[in-house]
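K.L.:
Chains as they are written, first to last, in this note's numbering: chain A, 19 to 406; chain B, 17 to 96. Glycine included, each C-beta is placed from N, C-alpha and C at the ideal position.
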Amino acid sequence: MDREESDLGAVRQPIAQARGLPNAHYTDPATFAEERQAVLADNWMGLAVTADVPEVGDALPVTILGMPLLVLRDRAGEIRVFHNTCRHRGMILVEEPRRIEGAIRCPYHSWCYATDGRLVSTPHVGGPGRNTHPGMAREGLGLIEVRAHVWMDVIFVNLSGTAPPFAEAHGELIARWQEFDRPLYHGGSDSRFDLEVACNWKLAVENYCESYHLPWVHPGLNSYSRLEDHYHIEAPGRFSGQGTLVYRQMRGEAGEVFPDFADLSPQWDTAAEYITLFPNVLFGVHRDHAYSILLQPEALDRTVERVNIYYARPDTDAALRARNAEQWKGVFIEDLFVVEGMQRGRQAPAFDGGRFSPAMDGPTHLFHDWVAAQVQRHRGTLPLRAAE
Amino acid sequence: MSALDRELLAAHAASDRAALVALYRLAADESADADQAAFYLTHAHVFALEMGHPEVAALRARLVAAGRESPLPPPRPPLR
Numbered sequence: 019m020d021r022e023e024s025d026l027g028a029v030r031q032p033i034a035q036a037r038g039l040p041n042a043h044y045t046d047p048a049t050f051a052e053e054r055q056a057v058l059a060d061n062w063m064g065l066a067v068t069a070d071v072p073e074v075g076d077a078l079p080v081t082i083l084g085m086p087l088l089v090l091r092d093r094a095g096e097i098r099v100f101h102n103t104c105r106h107r108g109m110i111l112v113e114e115p116r117r118i119e120g121a122i123r124c125p126y127h128s129w130c131y132a133t134d135g136r137l138v139s140t141p142h143v144g145g146p147g148r149n150t151h152p153g154m155a156r157e158g159l160g161l162i163e164v165r166a167h168v169w170m171d172v173i174f175v176n177l178s179g180t181a182p183p184f185a186e187a188h189g190e191l192i193a194r195w196q197e198f199d200r201p202l203y204h205g206g207s208d209s210r211f212d213l214e215v216a217c218n219w220k221l222a223v224e225n226y227c228e229s230y231h232l233p234w235v236h237p238g239l240n241s242y243s244r245l246e247d248h249y250h251i252e253a254p255g256r257f258s259g260q261g262t263l264v265y266r267q268m269r270g271e272a273g274e275v276f277p278d279f280a281d282l283s284p285q286w287d288t289a290a291e292y293i294t295l296f297p298n299v300l301f302g303v304h305r306d307h308a309y310s311i312l313l314q315p316e317a318l319d320r321t322v323e324r325v326n327i328y329y330a331r332p333d334t335d336a337a338l339r340a341r342n343a344e345q346w347k348g349v350f351i352e353d354l355f356v357v358e359g360m361q362r363g364r365q366a367p368a369f370d371g372g373r374f375s376p377a378m379d380g381p382t383h384l385f386h387d388w389v390a391a392q393v394q395r396h397r398g399t400l401p402l403r404a405a406e
Numbered sequence: 017m018s019a020l021d022r023e024l025l026a027a028h029a030a031s032d033r034a035a036l037v038a039l040y041r042l043a044a045d046e047s048a049d050a051d052q053a054a055f056y057l058t059h060a061h062v063f064a065l066e067m068g069h070p071e072v073a074a075l076r077a078r079l080v081a082a083g084r085e086s087p088l089p090p091p092r093p094p095l096r
């Protein structure tokens, strides 16, 4: 072994005894590389949103974990994710977001791919004016496709190809939020923003999962959303988060509100839920809007949070939408000093992963336990326990 | 340099794909040599593919008939 692997046994203890993930999981490049495969690539990670590619032919190049990918809405309207790499000499195919009118033409030797990935032209491959060659079977040379699944407008990908189907892996959350499984209308340019954060992506999850920090970091919420109005959401091995029982709708100057999603049960009159779908997508649902935050790991200690906000109808009030986006942006910005501070705090060599409040940190511990289990599975050291 | 060559260079410089399709097809039509015609027709077809030109199927059919291209493969279902 070239390096000492982190000890995950303490993470997987019951919450009252457990410690958090060791520093290496936030500061060590080799452990980051290990997690990249075990935690992110082997599971269904959020990559983009379909609102990024609203029209047929829209193509969005995305580099994730150093891997150049191409998100594309094909001619049939289906969302596809491909390696953004020509099968001929490995050239990057699409450099900037753009509309593919017909086929994707490699800018190097002009091999052409249909929007469903088929290789449809290999000009002069058999010599000038001869576009086929017996040794070049196009069937095996289409774009390399990545498994993709759309839920709540988020495009999830399973880079390794080894995860169970999305609906099987995440059936519990799909069922929990089935009342929101309906058309979501993106609020447009005023309802999307990015936040660049100097921390490992996991710290954003950890902070999002729990309500313990709310009265201290978001004191503005105290007036109507007290700590005791929140509850934990814990689904071991799948997702975790928090809910509130006292959600109040935003009102405009004339008392106007956003329209509700249709046919919601009464519990949603005042409830809202905030859940992380492991590994990297943070969701929030309310009677009148929903949002997703994709955590895009840029480096060991750098993350981009991509925020998109959705409504029940396409014709919501622009001023109210802008206020809602500003309000959420303010809340998310309030969290930045925390996640960045925790990143810097992990440079203290004697920090042992920290402890969890057995009463308040359950959802965060559950995320740590899941990450540890993924890494143990990857290392082949997963203990024989139930529910893994 | 012929007038057609100059027009082709200008169309390349302007990334005017519709013009490239038309000019390469014209170059193919005017070529007496089968290999040279196939070369130009290949370029017309590639730019037609790229832009979703209405004549792309006809251009491909000409190449297939000349033994220079294969028919389109069937659509590929998404990987889920």
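State the DSSP-derived secondary structure class of A:Val99, mapped to helix, strand or coil.
P.N.:
Translated into positions along the first sequence, residue 99 of chain A becomes position 81. Reduced to three states, the DSSP call for A:Val99 is strand.
K.L.:
For a test of the three-state rule: what should DSSP assign to A:Leu161, helix, strand or coil?
P.N.:
Here residue 161 of chain A refers to the residue found at position 143 when the first sequence is read from its first residue. DSSP places A:Leu161 in coil when its eight states are reduced to three.
K.L.:
With hydrogens ignored, establish whether the beta-carbon of A:Val303 is closer than 6 Å to any heavy atom of the ligand ZN.
P.N.:
This structure simply doesn't include the ligand ZN, nor any ligand for that matter.
K.L.:
Tell me whether A:Trp129 is buried or exposed, calling it buried when 16 or more other Cβ atoms sit within 10 Å of its Cβ.
P.N.:
Taking the first sequence and counting its residues from 1, one reaches residue 129 of chain A at position 111. Looking at its Cβ environment, which holds 16 or more other Cβ atoms inside 10 Å, A:Trp129 is buried.
K.L.:
Run the CB neighbour count on A:Ile351, radius 10 Å, all protein chains shown included, and call it buried at 16 or more, exposed below.
P.N.:
Position 333 of the first sequence, counting from 1, holds the residue named residue 351 of chain A. Result: exposed.
K.L.:
In the DSSP assignment, find the alpha helix (DSSP H) that holds B:Ala81 and state where it starts and stops.
P.N.:
Stepping through the second sequence from its first residue, residue 81 of chain B is reached at position 65. B:Ala81 -> alpha helix (DSSP H) spans 72-81.
K.L.:
With a floor of 4 residues, list each alpha helix (DSSP H) that falls wholly inside the segment 130-197 of chain A, ordered by position along the chain.
P.N.:
184-187, 189-194
K.L.:
Can you name the residues of chain A whose CB is closer than 9 Å to the CB of B:Ser86?
P.N.:
As a first step, residue 86 of chain B is located in the second sequence; it is residue number 70 there, counting from the start. Going along chain A in sequence order, the residues near B:Ser86 (Cβ under 9 Å) are Asn149, Thr150, Arg156.
K.L.:
On the three-state DSSP scale, how would you describe A:Thr294?
P.N.:
Position 276 of the first sequence, counted from the start, is the residue given in the question as residue 294 of chain A. In the structure shown, the three-state DSSP call for A:Thr294 is strand.
K.L.:
How about B:Asp49: is its C-beta nearer than 7 Å to some C-beta of chain A?
P.N.:
Locating residue 49 of chain B in the second sequence gives position 33, counting from the first residue. Cβ-Cβ to chain A under 7 Å: no for B:Asp49.
K.L.:
Measuring only between beta-carbons, confirm whether A:Gly120 sits less than 7 Å from chain B.
P.N.:
Numbered from its first residue, the first sequence carries residue 120 of chain A at position 102. With 7 Å as the cut-off, A:Gly120 counts as an interface residue toward chain B.
K.L.:
In whole angstroms, give me the CA-to-CA distance for B:Ser18 and B:Leu36.
P.N.:
Your numbering for residue 18 of chain B matches position 2 in the second sequence. Your numbering for residue 36 of chain B matches position 20 in the second sequence. Taking the straight line joining both Cα atoms gives about 16 Å.
K.L.:
Between which two residues does the alpha helix (DSSP H) containing A:Ile351 stretch?
P.N.:
Stepping through the first sequence from its first residue, residue 351 of chain A is reached at position 333. In the DSSP annotation of this structure, the continuous segment of the alpha helix (DSSP H) that includes A:Ile351 starts and ends at 336-352.
K.L.:
Mind reading off the beta-carbon distance from B:Arg84 to A:Gly147? Whole number of angstroms is fine, and I expect it under 8 Å.
P.N.:
Taking the first residue of the second sequence as position 1, residue 84 of chain B is located at position 68. Taking the first residue of the first sequence as position 1, residue 147 of chain A is located at position 129. The beta carbons of B:Arg84 and A:Gly147 sit about 6 Å from each other, so the pair counts as a contact at 8 Å.
K.L.:
Thinking C-beta only, is A:Gly38 closer than 7 Å to A:Gly372?
P.N.:
The residue given as residue 372 of chain A occupies position 354 in the first sequence. The residue given as residue 38 of chain A occupies position 20 in the first sequence. The answer is yes: Cβ separation under 7 Å.
K.L.:
Would you mind reading off the limits of the alpha helix (DSSP H) that contains B:Asp45?
P.N.:
Residue mapping note: residue 45 of chain B aligns to position 29 of the second sequence, counting from 1. First-last of the alpha helix (DSSP H) with B:Asp45: 33-46.
K.L.:
Going along chain A, which residues have a C-beta under 8 Å from B:Leu79?
P.N.:
As a working note, residue 79 of chain B is residue 63 in the second sequence. Neighbours of B:Leu79 on chain A, chain order: Asn149.
K.L.:
Do you know how far the Cα of A:Arg210 is from the Cα of A:Thr294?
P.N.:
The residue you call residue 294 of chain A lines up with position 276 of the first sequence. The residue you call residue 210 of chain A lines up with position 192 of the first sequence. If you take the alpha carbons of A:Thr294 and A:Arg210, they lie about 19 Å apart.
K.L.:
Which class does A:Ser24 belong to by DSSP, given the choice of helix, strand or coil?
P.N.:
Mapped onto the first sequence, residue 24 of chain A falls at position 6. Coil at A:Ser24, not helix or strand.
K.L.:
Kindly identify the DSSP beta-bridge partner or partners of A:Ser375.
P.N.:
Here residue 375 of chain A is taken as the residue at index 357 of the first sequence, counted from 1. Bridge partners of A:Ser375: none, in fact.
K.L.:
Would the segment 245-264 of chain A count as touching the segment 273-292 of chain A if we require 3 or more Cβ pairs under 8 Å?
P.N.:
Judged by Cβ distances under 8 Å, the segment 245-264 of chain A makes contact with the segment 273-292 of chain A, as three or more pairs qualify.
K.L.:
Just the C-alpha distance for A:Gly302 and A:Val168, rounded to the nearest angstrom, thanks.
P.N.:
Residue 302 of chain A sits at position 284 when you count from the first residue of the first sequence. Residue 168 of chain A sits at position 150 when you count from the first residue of the first sequence. Distance between the alpha carbons of A:Gly302 and A:Val168 is about 17 Å.
K.L.:
Kindly indicate the opening and closing residues of the beta strand (DSSP E) around A:Gly64.
P.N.:
The count along the first sequence starts at 1 and reaches residue 64 of chain A at position 46. Unbroken beta strand (DSSP E) run through A:Gly64: 63-67.
K.L.:
Could you compute how far the alpha carbon of A:Arg256 sits from the alpha carbon of A:Trp388?
P.N.:
As a working mapping, residue 256 of chain A is identified with position 238 in the first sequence. As a working mapping, residue 388 of chain A is identified with position 370 in the first sequence. Near 8 Å, if we compare the C-alpha coordinates of A:Trp388 and A:Arg256.
K.L.:
Rank A:Ala34, A:Ile33, A:Gln35, A:Glu53 by C-alpha distance to the C-alpha of A:Ser24 and give the top, closest one.
P.N.:
Numbered from its first residue, the first sequence carries residue 24 of chain A at position 6. Per the Cα distances, A:Glu53.
K.L.:
Pick out whichever of A:Arg244, A:Leu312, A:Leu318 has its Cα sitting closest to the Cα of A:Ile327.
P.N.:
The residue given as residue 327 of chain A occupies position 309 in the first sequence. It is A:Leu312 whose Cα lies nearest to the Cα of A:Ile327.
K.L.:
If you draw a straight line from the C-alpha of A:Val29 to the C-alpha of A:Lys220, how long is it?
P.N.:
Walking along the first sequence from the start, residue 29 of chain A turns up at place 11. Walking along the first sequence from the start, residue 220 of chain A turns up at place 202. Their backbone Cα atoms lie some 15 Å apart in a straight line.
K.L.:
Between A:Phe253 and the rest of its own chain, which residues show a CB-CB distance below 6 Å, the 5 nearest in sequence each way excluded?
P.N.:
Against the first sequence, residue 253 of chain A aligns to sequence position 235. Per the sequence shown, the amino acid found at residue 253 of chain A is Ala instead of Phe. For A:Ala253, where only same-chain residues beyond five positions count, the Cβ hits under 6 Å are Glu190.
K.L.:
May I ask you to report which of helix, strand or coil DSSP gives A:Val57?
P.N.:
Here residue 57 of chain A is taken as the residue at index 39 of the first sequence, counted from 1. Correct three-state label for A:Val57: helix.
K.L.:
Do B:Leu39 and B:Ala27 have their beta-carbon atoms positioned less than 7 Å apart in this structure?
P.N.:
Numbered from its first residue, the second sequence carries residue 27 of chain B at position 11. Numbered from its first residue, the second sequence carries residue 39 of chain B at position 23. Yes.
K.L.:
Can you check DSSP and say which residues form a bridge with A:Val215?
P.N.:
Residue mapping note: residue 215 of chain A aligns to position 197 of the first sequence, counting from 1. Per DSSP, A:Thr321.
K.L.:
If the cut is a Cβ gap below 8 Å, which residues of chain A does B:His69 touch?
P.N.:
The count along the second sequence starts at 1 and reaches residue 69 of chain B at position 53. Within 8 Å Cβ-Cβ: Gly120.
K.L.:
Where A:Trp234 and A:His386 are concerned, what is the direct C-alpha to C-alpha distance, given to the nearest angstrom?
P.N.:
Within the first sequence, the letter at position 216 stands for residue 234 of chain A. Within the first sequence, the letter at position 368 stands for residue 386 of chain A. Taking the straight line joining both Cα atoms gives about 23 Å.
K.L.:
Compute the Euclidean distance between the alpha carbons of A:Tyr249 and A:Ser229, then round it to the nearest angstrom.
P.N.:
Your numbering for residue 249 of chain A matches position 231 in the first sequence. Your numbering for residue 229 of chain A matches position 211 in the first sequence. The alpha-carbon atoms of A:Tyr249 and A:Ser229 are separated by roughly 8 Å.
K.L.:
Distance cutoff 7 Å, beta carbons only. Does B:Val62 sit that close to anything in chain A?
P.N.:
Position 46 of the second sequence, counted from the first residue, corresponds to residue 62 of chain B. Nearest CB-CB separation between B:Val62 and chain A: below the 7 Å threshold.
K.L.:
Starting from the beta carbon of B:Val72, find every residue of chain A whose beta carbon is closer than 8 Å, and list them in chain order.
P.N.:
As a position in the second sequence, residue 72 of chain B is number 56, starting the count at 1. Result: Gly120.
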